[in-house]
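In the numbering used here, the protein residues as written are 660 to 954.
Every residue, glycine too, gets a C-beta built ideally from N, C-alpha and C.
Since we're looking at a predicted model, the values are computed, not measured.
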């Protein structure tokens, strides 16, 4: 059966108001509702966000309900409507992905196991509903930086903050053979991460928990860390800078990504204010991976 996607794009405040209305109106139907930040680089007042509602079928009845909802609330504008083909998107996307090499690491799906070479550090990932197949420049940049760092020093306590599919946590565990705490705000991502760690033979080393930022007792219990890896987005990373400083041991390393080239200087300045020393910046396309050391 095909799906229909309804989309409403507006300035942040209005988009969030519409998101709340749609979520409440369709709660009993069980249709997924998403809120997407189109440009997180802008300040809150200038940001544009999109509300997406996904329904099964042609969406005829839902179109009328959405139109009436906006009218009742006195909201100008309308939902764009798009019929989506009946496709297994996870399978289709994985089949279209080729293996990614980043230093010694080879990130691949199950359909490309035959591409693994004798000296590769292979990471097999079925991303499912979690971010991170290794194809994004941020993930590949982190992998290269991790290999360089672990080659020169041996971290003992490691945190992967915002782990997604656990590519980075698995990489550290395979290369350094040390325990890694992998956290994510999304419990679905945590389940995917846990399965990927087992699939790659490091289930005993990678511990996956659901946490928002540093808000989990186990994060505090394992601190201070010799290495923290966080592939998130620039604005959240800058907000987390003081807590990064608290949880990282003196002389410890911090690898950050999810940062656009144009955001790099702001991130470096923010972390310099927390007594982090910039070690290196690796650029891949429009994205950078930054390595810091704690003073």
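**Report entry** Limits of the alpha helix (DSSP H) - the one that residue 664 falls within
**Finding:** Counting from one through the chain shown, the residue named residue 664 turns up at place 5. Counting along the chain, residue 664 falls outside any alpha helix (DSSP H), though it belongs to the beta strand (DSSP E) covering 662-670.
Requested in this report: Mind the definition here: the segment 917-934 touches the segment 844-852 only if three or more C-beta pairs lie below 8 Å; say whether that holds.
Outcome: Not touching, per the Cβ criterion.
Query raised in the report: Apart from the five residues just before and just after residue 910, which ones in its own chain have a Cβ nearer than 7 Å to its Cβ?
Result: What you label residue 910 is simply residue 251 of the chain shown in a count that begins at 1. Excluding sequence neighbours, residue 910 sits near 952 and 953.
Requested in this report: Using beta-carbon positions only, say whether residue 944 and residue 891 come within less than 7 Å of one another.
Outcome: Indexing the chain shown from 1 puts residue 944 at position 285. Indexing the chain shown from 1 puts residue 891 at position 232. Not closer than 7 Å, so no.
Requested in this report: Under 6 Å Cβ to Cβ from residue 832, same chain only, skipping five residues before and after it: list those, please.
Outcome: Here residue 832 refers to the residue found at position 173 when the chain shown is read from its first residue. Excluding positions up to five away in sequence, the list reads 839, 861, 864 and 865.
Report task. Let me know if residue 855 comes out buried or exposed under the rule of 16 or more other beta-carbons within 10 Å of its beta-carbon. Result -> For this step, residue 855 is matched to residue 196 along the chain shown. The residue is buried, with at least 16 neighbouring Cβ atoms inside 10 Å.
Query raised in the report: First and last residue of the alpha helix (DSSP H) that includes residue 850?
Result: Position 191 of the chain shown, counted from the first residue, corresponds to residue 850. Element bounds for residue 850: 846-858.
Query raised in the report: Do you know offhand how far residue 706's Cα is from residue 685's?
Result: Mapped onto the chain shown, residue 706 falls at position 47. Mapped onto the chain shown, residue 685 falls at position 26. Cα atoms of residue 706 and residue 685: separation of roughly 25 Å, rounded to the nearest angstrom.
Report task. May I have a chain-ordered list of the alpha helix (DSSP H) segments no shorter than 4 residues that lie completely inside the segment 875-920? Result -> Complete alpha helix (DSSP H) runs here, min 4: 876-881, 893-898 and 900-906.
Query raised in the report: Do residue 708 and residue 696 have their C-beta atoms closer together than 7 Å?
Result: The residue given as residue 708 occupies position 49 in the chain shown. The residue given as residue 696 occupies position 37 in the chain shown. Closer than 7 Å, so yes.
Requested in this report: Determine the closest residue to residue 759 out of 800, 899 and 674, with distance taken between C-alpha atoms.
Outcome: As a first step, residue 759 must be located in the chain shown, where it is residue number 100. The shortest Cα separation from residue 759 among 800, 899 and 674 belongs to 800.
Query raised in the report: Do residue 714 and residue 690 have their CB atoms nearer than 7 Å?
Result: Residue mapping note: residue 714 aligns to position 55 of the chain shown, counting from 1. Residue mapping note: residue 690 aligns to position 31 of the chain shown, counting from 1. A distance below 7 Å separates the beta carbons of residue 714 and residue 690.
Query raised in the report: Which residues in the same chain have their Cβ closer than 7 Å to the Cβ of residue 938, if we skip the five residues on either side of it in sequence?
Result: What you label residue 938 is simply residue 279 of the chain shown in a count that begins at 1. Around residue 938: 950, 951 and 952.
Query raised in the report: Would DSSP call residue 824 helix, strand or coil?
Result: Your numbering for residue 824 matches position 165 in the chain shown. Under the three-state reduction of DSSP, residue 824 is assigned to coil, being neither helix nor strand.
Query raised in the report: Can you give the beta carbon distance from residue 732 to residue 680, rounded, assuming they're within the 8 Å contact cut?
Result: Taking the chain shown and counting its residues from 1, the one referred to as residue 732 is at position 73. Taking the chain shown and counting its residues from 1, the one referred to as residue 680 is at position 21. Going by Cβ atoms, the distance from residue 732 to residue 680 rounds to 6 Å, so yes, they are a contact pair.
Report task. Rank 903, 942, 946 and 947 by C-alpha distance to the C-alpha of residue 934 and give the top, closest one. Result -> Taking the first residue of the chain shown as position 1, residue 934 is located at position 275. Ranking 903, 942, 946 and 947 by Cα distance to residue 934 puts 903 first.
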